[in-house]
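For reference, the structure is listed below as structure tokens.
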Amino acid sequence: MPELPEIEQVRKTLTPHVLNKIIKRVEIRLPRMIKHPSPEAFADILVGQCIRDLKRKGKYLTFEFGTNIKMIAHLRMTGALIVTDDGAPEPEYAKIKFELTGGKMLWFCDIRTFGTLHLVINDDVRLPGFDNLGPEPGTKELNVPYLQEVLKRRKASIKGIILDQEVVAGLGNIYADEALAVAGILPQRPGDSLNEKEIEKLIKAINKVIKQGIKNHGTTFRNYKDGNGNQGRNQDYLMVYGRKGKPCKKCGAELVGTKVAGRGTTYCAECQH
DNA sequence: CTTCGTTCCTGGAAGC
DNA sequence: TGCTTCCAGGAACGAA
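Whatever position you read off the first sequence (first residue = 1), add 138 for my numbering.
Take a look at the structure:
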């Protein structure tokens, strides 16, 4: 599942390949992944656009053309944006193909096809999920008073709350479990039960696991690949995610697997309270 | 306002 | 061995 660190690694690896390249042709093999405008208009408008910048916001990637047009991509569960040289074998599960100048091909690949593409022209369409993103890990906006204020009126599980992109941008199931493990907080704790000290620990933990994920080029648990088709290596450093039944790296206790906020969840009952 | 269940989808693992 | 069932989960949506 590509989360903030994975998307950041995709952005970094794609940038040198696509910057200042012009889109020559767009081939849409799975039209339902194009959410706005119509697939036909999407392709027509993109042809001739020059990619001037590639930005990340939360788990979204934004292709900017230096005009009033931008393309917003979300990889959801199994999406991948991969660049190949023209004539090289095409990657698996290729759904959308962008032919670029300079002999490069940009592919939107997706096994489960939940990924989305929007073309926004003069803000003609609203993407609530994009417009309402909360503060990013590692920024001064994600601070104790802010999270205290949010948690004050939330009785849902803390895991569910930090998965809410309007509360914190960029966490998914992997880094949510990891952050709670690092902070020593049980995932099922009600949001309003956390004290100031715990909130501070949680913010520090979120910042730490995200930073570590970026440093390690993302976590490849199943399908994630970066812009060059390479895997991440953060999976070797995970404390709890995917380690149900295995020993806790801190205390050796057997890690517990359960379901919290409708998501598979792993934690250490000894270290997390 | 919050919270919760449902939906989308496919590949791989688990189960019989 | 081979078939069927289940599970993985990000975010939009509707209902309570």
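We put the beta carbon where it would ideally sit given N, CA and C, even for glycine.
For clarity, every value in this text was computed on a predicted model and none was experimentally measured.
Check	Outcome
Through-space distance from residue 141 to residue 361, alpha-carbon basis	12 angstroms
CB contact flag (residue 310, residue 147, <8 angstroms)	no
Residue 290, enclosing alpha helix (DSSP H) - first and last residue	282-290
For residue 262, the nearest candidate out of 386, 143, 164 and 175 (CA to CA)	175
Anticipated Cβ contact below 8 angstroms, residue 289 with residue 337, distance rounded	7 angstroms
Cβ pair count under 8 angstroms reaching 3, the region 294-307 against the region 250-258	no
Reduced DSSP secondary structure (H/G/I, E/B, other) of residue 295	strand
Beta bridge counterpart(s) of residue 169 as assigned by DSSP	DSSP output for residue 169 lists no bridge partner at all.
Limits of the beta strand (DSSP E) - the one that residue 318 falls within	That residue, residue 318, is in no beta strand (DSSP E); its alpha helix (DSSP H) goes 311-321.
Identity of the residue in 202, 395, 286 and 381 nearest residue 330 by Cα	286
Residue environment, residue 218, which counts as buried when at least 16 other CB atoms sit within 10 Å	buried
Delimiting residues of the beta strand (DSSP E) encompassing residue 355	Where residue 355 is concerned, there is no enclosing beta strand (DSSP E), given that its DSSP letter is neither H nor E.
Beta-bridge partners of residue 405, as assigned by DSSP	394
Contact belief for residue 234 with residue 166 at Cβ below 8 angstroms, rounded distance in angstroms	6 angstroms
Nearest-angstrom Cα separation, counted from residue 359 out to residue 340	24 angstroms
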